[in-house]
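Written below as structure tokens is the structure these notes are about.
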Amino acid sequence: MKRPHSIELFSSLTVLSILIILYNTHSIFLIVSFFLISLLILVLSGDTFFDNAVPMFREMGIGDMYAGTIFIGLASVLDEIALSVSSLIFHHPEIGIGAVEGSNFITMIFFTAIVALIYLKVVRSFMIDMTIIMALAVISIGLSIVYNYIPWYLSTLLFVPFIIYVSVKAKGNRDPNDKDKQSYSAVLLILAFVLIFISSDVLVRSTIEIARYTGISAIALSVYGIGLISSLPEIIMILVSLLGGRKTVSMGIFTGSTVYKMSLIPGFIALAEPTGFREVFYLLLAMLIMSSFVLTVGMITGRKYRKKWILIKPR
689 MKRPHSIELF
699 SSLTVLSILI
709 ILYNTHSIFL
719 IVSFFLISLL
729 ILVLSGDTFF
739 DNAVPMFREM
749 GIGDMYAGTI
759 FIGLASVLDE
769 IALSVSSLIF
779 HHPEIGIGAV
789 EGSNFITMIF
799 FTAIVALIYL
809 KVVRSFMIDM
819 TIIMALAVIS
829 IGLSIVYNYI
839 PWYLSTLLFV
849 PFIIYVSVKA
859 KGNRDPNDKD
869 KQSYSAVLLI
879 LAFVLIFISS
889 DVLVRSTIEI
899 ARYTGISAIA
909 LSVYGIGLIS
919 SLPEIIMILV
929 SLLGGRKTVS
939 MGIFTGSTVY
949 KMSLIPGFIA
959 LAEPTGFREV
969 FYLLLAMLIM
979 SSFVLTVGMI
989 TGRKYRKKWI
999 LIKPR
């Protein structure tokens, strides 16, 4: 994909700003147009973000795995964060919970079916990530079985795996290999970051408006509608990094964004407003099954490559 110039990003930002100002429209044609334009801008800004973020982190001595899981993973969930805040403002926390878990479910299917089965050697580097995701799924399932509305103090249980995750990742964040240093633009990086947030927000808003025309319920919309659309940033970022040959970054984006969406976002929602996981029980169960599968695949391939290394190791 052609790297955009600053003027292209400024123009995109201006167009999106005008769309947001004029967003109070009841024309289904304009709403669908907003959806398509935002999707195109999301692809463009996701590509630009990667082209500049990865070289910047490498120059700082931060490895691809840590950059993908912590920093770029956070950027990919900005739309879910914004949606969760809105759901709390309007006192509908179940919409925020449904959206993030629906998004997790969709990205996990994508990840399991494509990335984990194609890049088996890379999976071995993310065993701790999959273990944390499994732990978060187990905690969430347990809370969904016991409580209709999670007590605020128990919502903090979701923060514990996240703290462990960040602590473990922080120990291995330095990458001594600096042979791949490339130039980057801080201006483009910031603009792309802003565009990811704005285009994701317009995508979600457009989906809500389209669903209103179809009469879909709020819960179904949050899980299967908003969840589908809000998973697009992660999927697009993963695809962009894969096409660029950045396998470690792409897997880091998935694991990092999933941990964020299974720990911090639902944890803060449950902490701020009475809600529970009961309506997304089966999604959480599916997440547990798929994460267990990926972890098992990683363990099997790990033994395979360790055995191969022992056979070829010089005596």
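Each residue of the sequence shown is one higher than the one before, starting from 689 at the first, in the working numbering.
Where is the CB? At the ideal position from N, CA and C, for every residue including glycine.
Cβ neighbour criterion (16 or more within 10 Å) applied to Ala958: It counts as buried.
Backbone secondary structure at Glu961 - three-state DSSP: In the structure shown, Glu961 sits in coil (DSSP, three-state: anything other than H, G, I, E or B).
Assigned exposure category for Arg900 - 16 Cβ within 10 Å defines buried: Exposed is the call here.
Limits of the alpha helix (DSSP H) - the one that Thr795 falls within: DSSP places Thr795 in the uninterrupted alpha helix (DSSP H) bounded by Pro781 to Phe798.
Run of the alpha helix (DSSP H) containing Ile820, from where it starts to where it stops: From DSSP, the alpha helix (DSSP H) with Ile820 extends over Met815 to Val834.
Simplified DSSP assignment, three categories, for Ile838: In the structure shown, Ile838 sits in coil (DSSP, three-state: anything other than H, G, I, E or B).
Buried or exposed by the 16-neighbour rule on C-beta atoms within 10 Å, applied to Tyr837: The residue is exposed, with fewer than 16 neighbouring Cβ atoms inside 10 Å.
Under 9 Å between C-beta atoms of Phe723 and Val890: Result yes, Cβ atoms of Phe723 and Val890 sit closer than 9 Å.
Same chain, Cβ closer than 7 Å to Ser980, five either side skipped, listed in chain order: If we look at Ser980 and ignore the five residues flanking it on each side, its Cβ neighbours are Met822.
Exposure label - Tyr970; buried when at least 16 CB within 10 Å: Exposed, since its Cβ has fewer than 16 Cβ neighbours within 10 Å.
Same chain, Cβ closer than 6 Å to Met815, five either side skipped, listed in chain order: Excluding residues within five positions, the ones whose Cβ falls inside 6 Å are Gly986.
Cα-Cα separation, Thr936 to Ser715: Going by the C-alpha atoms only, they are around 43 Å apart.
Exposure label - Phe942; buried when at least 16 CB within 10 Å: Counting Cβ neighbours within 10 Å, Phe942 comes out buried, since at least 16 surround it.
Straight-line gap, Ile827 to Thr895 (C-alpha atoms, nearest Å): Those two C-alpha atoms are separated by around 30 Å.
Simplified DSSP assignment, three categories, for Phe847: DSSP places Phe847 in helix when its eight states are reduced to three.
Length of the line joining the Cα atoms of Thr902 and Leu920: Near 21 Å, if we compare the C-alpha coordinates of Leu920 and Thr902.
Residue range of the alpha helix (DSSP H) that includes Ser919: Taken as a continuous stretch (DSSP letters only), Ser919 belongs to no alpha helix (DSSP H), as it is neither H nor E.
Gly786 and Ile914 closer than 9 Å at C-beta: Yes, the Cβ-Cβ distance between Gly786 and Ile914 is below 9 Å.
Candidates Leu846, Val968, Thr800 and Met939: closest to Tyr948 by CA position: When Leu846, Val968, Thr800 and Met939 are compared, the shortest CA-CA separation from Tyr948 is found for Leu846.
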